[in-house]
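As they're listed, the protein sequences go chains A and B. Heads up: the first sequence begins at 1 in the working numbering, then just goes up one per residue. Heads up: the second sequence begins at 1 in the working numbering, then just goes up one per residue. Where a beta carbon is used, it is the ideal one built from N, C-alpha and C, also for glycine. The structure presented is a predicted model; accordingly, all values stated were derived computationally and were not measured.
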Amino acid sequence: MSDYIFYPGCAMESNAKAYYDSLMEIAQPLGINLQEIDDWNCCGATEYVGINLIPAYSLIARNLALAAKMGHKTIISPCSACYLNLAKADYYMAERPSLGEKVNEALAAGDLQYTPGSLDIRHLLDVLINDIGLDKLKEKVVRPLKGLKVAPYMGCMVPRPDYHNRWSDAEHPTELFDVLKAIGAEVVDFPGAATCCGGHMTQIGPETAYELIRRLISSAEKSKADIMVTVCPMCQLNVDAYQGETNSHFGTNYNMPIVFFSQLVGLALGFPPEKLGFGSEVTSTEKALAQIGVDIPESAIAEGKKRQQEGLPMPLCMRKTTTSESKHAEEAKA
Amino acid sequence: MSKTPVEHVHARLDHDEDLSLLNEVSMKTAGVSRLEMCIQCGSCGGSCPSEMDMDHTPRTLFAMLRAGMREEALLSNTPWICVSCYHCVVRCPQNVHITDVMYTLKGMAIREKKYRDSTAPDFSETFVDMVEKYGRSYEFGLATRHYLKHSPLRMIRTAAMGLDMLKKGRLSMKPTTIEGMDQLTAILNKAKEMELAHE
Ligand code: SF4
Ligand code: SF4
Numbered sequence: 001m002s003d004y005i006f007y008p009g010c011a012m013e014s015n016a017k018a019y020y021d022s023l024m025e026i027a028q029p030l031g032i033n034l035q036e037i038d039d040w041n042c043c044g045a046t047e048y049v050g051i052n053l054i055p056a057y058s059l060i061a062r063n064l065a066l067a068a069k070m071g072h073k074t075i076i077s078p079c080s081a082c083y084l085n086l087a088k089a090d091y092y093m094a095e096r097p098s099l100g101e102k103v104n105e106a107l108a109a110g111d112l113q114y115t116p117g118s119l120d121i122r123h124l125l126d127v128l129i130n131d132i133g134l135d136k137l138k139e140k141v142v143r144p145l146k147g148l149k150v151a152p153y154m155g156c157m158v159p160r161p162d163y164h165n166r167w168s169d170a171e172h173p174t175e176l177f178d179v180l181k182a183i184g185a186e187v188v189d190f191p192g193a194a195t196c197c198g199g200h201m202t203q204i205g206p207e208t209a210y211e212l213i214r215r216l217i218s219s220a221e222k223s224k225a226d227i228m229v230t231v232c233p234m235c236q237l238n239v240d241a242y243q244g245e246t247n248s249h250f251g252t253n254y255n256m257p258i259v260f261f262s263q264l265v266g267l268a269l270g271f272p273p274e275k276l277g278f279g280s281e282v283t284s285t286e287k288a289l290a291q292i293g294v295d296i297p298e299s300a301i302a303e304g305k306k307r308q309q310e311g312l313p314m315p316l317c318m319r320k321t322t323t324s325e326s327k328h329a330e331e332a333k334a
Numbered sequence: 001m002s003k004t005p006v007e008h009v010h011a012r013l014d015h016d017e018d019l020s021l022l023n024e025v026s027m028k029t030a031g032v033s034r035l036e037m038c039i040q041c042g043s044c045g046g047s048c049p050s051e052m053d054m055d056h057t058p059r060t061l062f063a064m065l066r067a068g069m070r071e072e073a074l075l076s077n078t079p080w081i082c083v084s085c086y087h088c089v090v091r092c093p094q095n096v097h098i099t100d101v102m103y104t105l106k107g108m109a110i111r112e113k114k115y116r117d118s119t120a121p122d123f124s125e126t127f128v129d130m131v132e133k134y135g136r137s138y139e140f141g142l143a144t145r146h147y148l149k150h151s152p153l154r155m156i157r158t159a160a161m162g163l164d165m166l167k168k169g170r171l172s173m174k175p176t177t178i179e180g181m182d183q184l185t186a187i188l189n190k191a192k193e194m195e196l197a198h199e
């Protein structure tokens, strides 16, 4: 077992639960021991840095400071934006020492400090390939995904800007391709592999986002993919949940499922789909998975039904009261 | 001591040229922005996936900064349309930190209230508010607050999708708060103090 510090990031707790659940299943057999950073905070996504500089980098660096105390050197983030933010803060604090000093002055107000360069900040995909290795992955495969045509969608923030020269190519990275091949899938030639899903534009400038989503899905369709595979919560959310809006915007009829690579790895390692978060996608994976004889049971789709009974809640965050139900959930968690 | 490439460019620039805006943006950008090194080749705009919706290509915007066109540069929608894909960055022959310069310009536009449409700045500020309040981001609160303010109609159109996400356990109705909120607040307050002093 190799020990790693784990920074899940906010999306893993909500919209990307399938990513979290599937990672938790495959970590053990692959020999990845994850130790979550205690009390980590949000990395600020692409928003905080657009407001101000020192606070944004201090926000990120609190996580680095907490991680550095944990005794291991390598920190894994499965989320592309989190990975980039952590890597970027570490890199820029060293590249511009005056920024590093100011960030440390801010951290000192919370009794923390961080020396840039003291952690190895890695994306999950990189760890899987370079630490665990494709041979070990292949060895563990009990159900090769033979016959499933997959478009390997790596997105932009993992291979770029690549401060540490970790990736094969900034525009046509091959890493995800290799992993999917190793689990027996048929990987299609997908020119969109490292193009952008629109990021936060689905929220603030949907027409720009729809166009980027359209290009991606149409490229996957032309490549005759049954399914797209991603390494990023934002990519999954945009292509999956906003596919319907994209269709109404262009009058198209796309129906392209997109899942996390860890979910497919989990299937290949023999885990049942309901343990891997299948069924939580908006664009159904049923047809694609039927190609390899995998059925998603109703129970997986119905998960989280209880919450629905609260009715469609009106906003918001301001709701201080805890219902007995969410208290239950909290107790169960504890 | 021999000059760094950046210092060379500075030394060769026309003395009449007012580079204060360019320098200001460069100084406010994370890392060493290398903005001064732009040779106006246009690779950035040519690589940009959302260039079609931008007022100016990144190249033009940087030329405007060099020319000291503060008002026009801060009013440009370009930084707000930038999707942070870093495509331009890996293609820029001068290694300009283009995406980070876009972030800097957003921040300046917000502080100087120079934007035509408040949707994007509001979104960033709402996000930041939530993170400062809870320590974690909170999508459900963010999306509802944002849609209610800017596009209630879209909220109705996307209600079915939201409900589906809720059913599938993908939207949390309650924000998660970190334990070290006091610590985080102390850090951010100190950082903000320095940010102001820096201006
Ligand atoms: S690619 Fe770089 S050098 Fe070329 S115009 Fe853009 S910023 Fe300037
Ligand atoms: S990072 Fe921004 S400016 Fe650069 S190519 Fe991507 S969208 Fe365009």
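Against chain A, the beta carbon of L171 (chain B) has neighbours under 8 Å at S14 and N15, listed in chain order.
DSSP, reduced to helix, strand and coil, places A151 (chain A) within a strand of the structure shown. Look at S84 (chain B): its C-beta is under 8 Å from a C-beta on chain A.
For V89 (chain B), the nearest CB of chain A lies under 8 Å from its own CB, placing it at the interface with that chain.
In this structure, G42 (chain B) has its CB closer than 7 Å to one or more heavy atoms of ligand 1. Our two residues, L148 (chain B) and I204 (chain A), have alpha carbons roughly 13 Å apart in a direct line.
At least one heavy atom of ligand 2 is found less than 7 Å from the C-beta of H87 (chain B).
The CB of I60 (chain A) never comes closer than 8 Å to any CB in chain B; the least such distance is about 10 Å. With respect to the C-alpha of S22 (chain A), the residue from A:N247, A:G244, A:P233 and A:E95 having the closest C-alpha is A:P233. Annotation: the stretch 170-228 of chain A contains the following complete segments of the alpha helix (DSSP H) (minimum length 4 residues), in chain order: 175-182, 201-204 and 206-222. For Q263 (chain A), no beta strand (DSSP E) run applies; the uninterrupted alpha helix (DSSP H) run containing it begins and ends at F261 to A268, by DSSP. Q35 (chain A) is bridged by DSSP to A:I5. Cβ contact annotation for P191 (chain A) (same chain, cutoff 6 Å, sequence separation greater than five): S219, in chain order.
Neighbours of R160 (chain A) in chain B, taken as residues whose beta carbon is under 8 Å from its own, are C85, Y86, H87, V89 and V90 in chain order. Contiguous alpha helix (DSSP H) elements confined to the stretch 134-182 of chain B occur at 139-150, 152-157 and 159-167, taking only those with 4 or more residues.
Here DSSP, grouped into helix, strand and coil, assigns S20 (chain B) to helix. Contact residues of the stretch 115-129 of chain B toward chain A are T119, A120, F123, S124, E125, F127 and V128 (C-beta to C-beta distance below 8 Å). Annotation for A151 (chain A): V188, F190, A220, S223, A225 and M228 place their beta carbon closer than 6 Å to its own, counting only its chain and skipping 5 residues before and after. In the three-state reduction of the DSSP assignment, I81 (chain B) falls in the helix class. The DSSP-derived three-state label of T185 (chain B) is helix. Legend: CB atoms of the stretch 232-256 of chain A lying less than 9 Å from CB atoms of chain B belong to residues L237, A241, Y242, G244, E245 and S248. Here the stretch 24-40 of chain A does not lie against the stretch 91-109 of chain A, with fewer than 3 beta-carbon pairs under 8 Å apart. Between T202 (chain A) and P49 (chain B), the CB-CB gap reaches or exceeds 8 Å.
G135 (chain B) has a beta carbon lying within less than 8 Å of a beta carbon in chain A. At a Cβ-Cβ threshold of 8 Å, S280 (chain A) and G162 (chain B) do not count as neighbours. Setting aside the 5 residues that flank it on each side, E195 (chain B) has no residue in the same chain whose C-beta is closer than 6 Å to its C-beta. Along the stretch 102-117 of chain A, the positions whose C-beta sits under 7 Å from a C-beta of chain B are K102, E105, A106, L107, A109 and G110, read in chain order. Proximity of the beta carbon of T195 (chain A) to ligand 2 is not indicated: no heavy atom of the ligand is located closer than 7 Å.
G31 (chain B) has a beta carbon lying within less than 8 Å of a beta carbon in chain A. One thing to note: M154 (chain A) has its Cβ within 8 Å of the Cβ of E175 (chain A). Counting only Cβ-Cβ distances below 7 Å, S219 (chain A) has no contacts in chain B at all, with the closest Cβ about 12 Å away. No residue range can be given for R96 (chain A), since it is assigned to no alpha helix (DSSP H) and is classified by DSSP as neither H nor E.
Contact check between the stretch 123-139 of chain B and the stretch 40-48 of chain A: three or more CB pairs, one atom from each, fall below 8 Å, which counts as touching.
Distances between the C-beta of I98 (chain B) and the heavy atoms of ligand 2 include at least one below 7 Å. One finds nothing in chain A with a Cβ atom closer than 9 Å to the Cβ of D55 (chain B); even the nearest lies about 13 Å away. The stretch 22-33 of chain A and the stretch 270-286 of chain A touch, with no fewer than 3 CB-CB distances between them shorter than 8 Å.
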